[in-house]
Amino acid sequence: MKEALHERLVWEGRTVEKMVVLYCKYHHQERTFTSEYGQKPLCADCHALLTYALKRIEACRYGANKPTCANCTTHCYKPVMRESIRQVMRYAGPRMLLYHPLAALKHTWLSWTRK
12 MKEALHERLV
22 WEGRTVEKMV
32 VLYCKYHHQE
42 RTFTSEYGQK
52 PLCADCHALL
62 TYALKRIEAC
72 RYGANKPTCA
82 NCTTHCYKPV
92 MRESIRQVMR
102 YAGPRMLLYH
112 PLAALKHTWL
122 SWTRK
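Following my numbering, the numbering of the sequence shown begins with 12 at its first residue and continues without gaps.
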């Protein structure tokens with residue numbers, strides 16, 4: 012992502028990356044790509060999903076005032092990618108409390124305050 016992005020969007024991208032990495036680790040065996048920020052291994056499908064999600068976050072029309080995706084009124088994902096990211100979030104969301112508790116709590120707090 013660009014350096015000029017607001018820290019809120021960078022944080023959002025890193026949170027999505029953590030979720031995709033967590034999902035991929037437990038659902039896919041062959042991981043030949045690396046993630047954007049943490050250089051974690053990803054399969055081709057999860058790498059494509061993460062790349063797409065980061066581009067969508069970067070292009071978000073709400074910018075620094077971006078709500079969490081669950082509370083957003085604009086559907087900026089293509090239907091296929093939207094279903095893929097929902098599947099990832101359904102799996103990784105509850106597990107974020109175990110693997111990344113601070114990110115999970117911050118995401119929950121922002122989803123309550125940015126409705």
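All C-beta atoms in this analysis are idealised placements derived from N, C-alpha and C, irrespective of residue type, glycine included.
| Query | Result |
| --- | --- |
| Where Val91 falls, given that 16 or more other Cβ within 10 Å makes a residue buried | exposed |
| Secondary structure of Thr45, DSSP reduced to three states | strand |
| Residues sharing a beta bridge with Pro112, DSSP | In DSSP, Pro112 forms no bridge with anything. |
| Nearest-angstrom beta carbon gap, Leu60 and Val99 [assumed within contact, 8 Å] | 7 Å |
| Secondary structure of Pro90, DSSP reduced to three states | helix |
| Proximity of Leu33 and Ala115 at Cβ, strictly below 8 Å | no |
| Nearest residue (CA-CA) to Arg19, options Cys71, Arg97 and Arg101 | Cys71 |
| Straight-line Cα distance separating His118 from Met12 | In this prediction, Met12 has a pLDDT of 41, which is less than 50 and means its spatial position is unreliable; what the coordinates show is noted afterwards. About 20 Å. |
| Burial state of Arg25, where buried means 16 or more other Cβ atoms lie within 10 Å | buried |
| Residues near Ser122 in its chain [Cβ-Cβ closer than 7 Å; skip 5 each side] | Thr79, Ala81 and Asn82 |
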